[in-house]
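Q: Handing you this structure, nothing more for now.
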Amino acid sequence: MPPPTRSAEPRLHGLHTDSMSAAPHAIVIGSGFGGLAAAVRLGARGYRVSVIEKLEGPGGRAFVYRQDGYTFDAGPTIITAPFLLEELWTLAGRRMADDIDLREIDPYYRIRFDDGTHFDYSGDDEAMRREIARFEPADVEGYERFLAISERVYAVGFDKLLTVSFDRLWKMARRLPELAFVQFYRSVYGLVAKYIEHPKLRQVFSFHPLLVGGNPYSTTAVYTLIAHLERRHGVHFAMGGTGALVDGLVSLIEGQGGTLRFGAAVEEILVEDGDARGVRLASGETIRSDIVVSNADSAFTYRHLVPERHRRRWTNRKIERAKYSMSLFVWYFGTDRRYDDVPHHMILLGPRYKALLSDIFDTKVLAEDFSLYLHRPTATDPSLAPPGHDAFYVLSPVPHTEAGVDWTTKAEEYRAAIADSLSATVLPDLESHVATSRMLTPLDFRDRLSSINGAAFGLQPILTQTAWFRPHNRSEDIGHLYLVGAGTHPGAGLPGVISSAKVLDEVVPAPSVFARRTRETGAEEGGSAPAARVESGPSER
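Per our numbering, residue 19 is the first one in the sequence shown, and the count goes up by one each step.
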């Protein structure tokens, strides 16, 4: 399918059908995976949907850069729950397999330690036991026990909590016994260390929180469910890159009659009598709606899009005191040769683990050493680079902008240090083979992606910022305002942000509620019925 037009000028895609023109209007702010998934779900329920995006094309953190014949996915590259995506295609009356070619990756990751040894992490049970035994035979039994607890955590955390709204404290309270049983009060590293002794293997089985912006030493053990999620459903890649999924979702929205508008920044969510009633763009244009769904960073949504006079819980002080995820330094580069010894996903751990994480999350110091995630999509899809060439990105977790690093001067120095490290380890003579290059720093997360403190994943997934303690999917402060994406429940990562949109099925009223009020009040077409609070329930869906 052709990609949507990308332009620096505001563009409008899709045309509402006559039958949709009288339907209640939903505005979705942002076209990241959470916003696109929300738009599909709302469209399937009968809303007239408008997606408004400040960037020149769709995707948000999953934006796609194309330069010099190379294609670079800007952000997420690991697909672990394809059934969540398939469900969106089904809702739109289509088959995902007709649009998207998903390939399972093997190994899932290669974890390389600073001494040159490595661990191939895969979905093959026997291969995993052999890999563990190479480091510590006694840990094979502990690994089996860890898998058992990971499966139990999955049964609670994924099956029972992921798509449930936690906008009422009792909803969390009734799950506390099950959560206590799976030791949610421990950290991910703490739970792994209970079963596995070898220090390198503890790193192998505890790094997953970094994929969703968390410190393994402080992220709640609920996130150990990722180990079972990967084992059960695999790790996949979409041919054409993650951008192919973005374009596929855009196609679903347009097929439902929804519109997508690019190059249009929302400056304020309009609130009347306590309810969200539309948005005002930076251009001054006002767009009315019955509901507003924000896929923007949750802290940014409250701090900058909703005037403080309308907020009681998410005050400026609360937002400023929250704990935010690390940021990222990302170097995208293409080479004029192939590095066929490098797998699709590779994690290169530095000489320090806990101390480096403390530098990043606690003291917020940009250390001289680093741990890296190296993505080589051309290992699976050579079409993402010219023939005989490779496309890469390398990602380094770094402190967010409160560290005070001047990335306008530091970026090139940091990139060069990473290039030297890669040349000395897995990409020999790298610098002489770089054919194209671009960088993303914490300043881009702050300014281009509108994330508070340049935090790449929003709020940290610590216990006191999980479930009921995160910004709710149904705003606590504003009626008819809903949140999706990494900064709300359930959290970051593709399964999390896509599931945040599924929560809307529980909390957003049925379109008939608004349509009935429009008829009763004689409101104009376009979704401008008088404001009234609506608490959704089973009878309204």
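Where a beta carbon is used, it is the ideal one built from N, C-alpha and C, also for glycine.
Going by DSSP, what residue range makes up the beta strand (DSSP E) through Y139?
A: From DSSP, the beta strand (DSSP E) with Y139 extends over 136-139.
Q: Where does the unbroken alpha helix (DSSP H) through W425 begin, and where does it stop?
A: Run containing W425: 425-443, per the alpha helix (DSSP H) assignment.
Q: Just the C-alpha distance for A528 and I378, rounded to the nearest angstrom, thanks.
A: Roughly 44 Å between the two C-alpha positions.
Q: Thinking W349 and R433 are a contact (beta carbons under 8 Å), I'd like their distance in whole angstroms, please.
A: At roughly 5 Å, the Cβ-Cβ gap stays under 8 Å, so W349 and R433 are in contact.
Q: Using DSSP's beta-bridge definition, name the partner residues of R306.
A: According to DSSP, R306 bridges with G296.
Q: Here's a check: name, in chain order, each residue in its chain whose Cβ is nearer than 6 Å to the Cβ of K520, leaving out the five neighbours to either side.
A: Answer for K520: T181, listed in chain order.
Q: Since M457 is in the beta strand (DSSP E), which residue starts that stretch and which ends it?
A: Here the beta strand (DSSP E) through M457 covers 452-458.
Q: Which runs of the alpha helix (DSSP H) fall wholly inside the stretch 86-173 and span at least 4 residues, in chain order?
A: Those alpha helix (DSSP H) runs which fall completely within the stretch 86-173 and span 4+ residues are 100-109, 114-117, 143-153.
Q: For E286, does the three-state DSSP call read helix, strand or coil?
A: Note: E286 maps to strand in three-state DSSP.
Q: Can you name the residues that DSSP bridges to R66?
A: Its beta-bridge partners are H43.
Q: For D293, is the classification buried or exposed, using 16 other Cβ atoms within 10 angstroms of its Cβ as the cut-off for buried?
A: With 16 or more other Cβ atoms within 10 Å, it is buried.
Q: Put W349 into one of helix, strand or coil per three-state DSSP.
A: Of the three classes helix, strand and coil, the one that applies to W349 here is strand, per DSSP.
Q: Just the Cα atoms here: how many angstroms apart are V412 and L390?
A: Between V412 and L390, the C-alpha separation is close to 7 Å.
Q: Which residue wins for smallest C-alpha separation from G87, given the options E524, S469, S455?
A: Here the closest residue by C-alpha is S455.
Q: According to DSSP, is T419 helix, strand or coil?
A: DSSP places T419 in helix when its eight states are reduced to three.
Q: State the Cα-Cα distance for the pair R339 and S401, rounded to the nearest angstrom.
A: Taking the straight line from one Cα to the other gives about 45 Å.
Q: When you compare the CB positions of D157 and S140, do they come within less than 8 Å of one another, or not?
A: It is not a contact, given that the beta carbons lie outside the stated cut-off.
Q: Among H328, I129, P513, which residue has its Cα nearest to the Cα of E494?
A: Of H328, I129, P513, the residue nearest in Cα terms is H328.
Q: Strictly by DSSP, which residues pair up with T237?
A: Beta-bridge pairing links T237 to I480.
Q: Quick check on A550: does DSSP put it in helix, strand or coil?
A: Annotation note: pLDDT 34 at A550 (below 50); position unreliable, no value reported.
Q: By how many angstroms is the C-alpha of G511 removed from the C-alpha of P94?
A: In a straight line, the C-alpha of P94 is about 8 Å away from that of G511.
Q: What is the residue span of the alpha helix (DSSP H) that A256 lies within?
A: Counting along the chain, A256 falls outside any alpha helix (DSSP H), though it belongs to the beta strand (DSSP E) covering 254-256.
Q: If you reduce the DSSP assignment to three classes, tell me which class F202 lands in.
A: Coil, per DSSP.
Q: What would DSSP say about R492, mapped onto helix, strand or coil?
A: R492 falls in the strand class under three-state DSSP.
Q: Out of curiosity, what's the CA-to-CA distance linking G275 and R66?
A: Cα to Cα, G275 sits roughly 7 Å from R66.
Q: Residue range of the alpha helix (DSSP H) that T277 falls in?
A: T277 -> not in any alpha helix (DSSP H); beta strand (DSSP E) instead, spanning 277-280.
Q: In angstroms, rounded to a whole number, what distance separates the CA positions of P415 and T443?
A: Cα to Cα, P415 sits roughly 19 Å from T443.
Q: Alpha carbon to alpha carbon, how far is R582 from D138?
A: As shown, the chain starts at 19 and ends at 559. That puts residue 582 outside it, with no answer to give.
Q: I need the boundaries of the beta strand (DSSP E) containing H393, first residue and last residue.
A: Per DSSP, H393 belongs to the beta strand (DSSP E) from 390-393.
Q: Can you confirm whether the stretch 61-76 touches the stretch 220-237 when touching is taken to mean that 3 or more C-beta pairs between the two stretches lie within less than 8 Å?
A: No, they do not touch.
Q: Taking L247 as the reference, give the member of A282, H490, P100 with the closest Cα.
A: Answer by Cα proximity: P100.
Q: Helix, strand or coil for D177 per DSSP?
A: Three-state result, D177: helix.
Q: From S345 to G422, what distance separates their C-alpha atoms?
A: Answer to the nearest angstrom: the Cα atoms are 12 Å apart.
Q: Could you check the C-alpha separation between L499 and F318 for me, to the nearest Å?
A: About 14 Å.
Q: Mapping DSSP to helix, strand and coil, what is H31?
A: Residue confidence is low: H31 scores 45 on pLDDT, short of 50, so the model does not pin down where it sits. No coordinate-derived value is stated.
Q: Can you give the Cα-Cα distance for L448 and V526, rounded to whole angstroms?
A: Between L448 and V526, the C-alpha separation is close to 51 Å.
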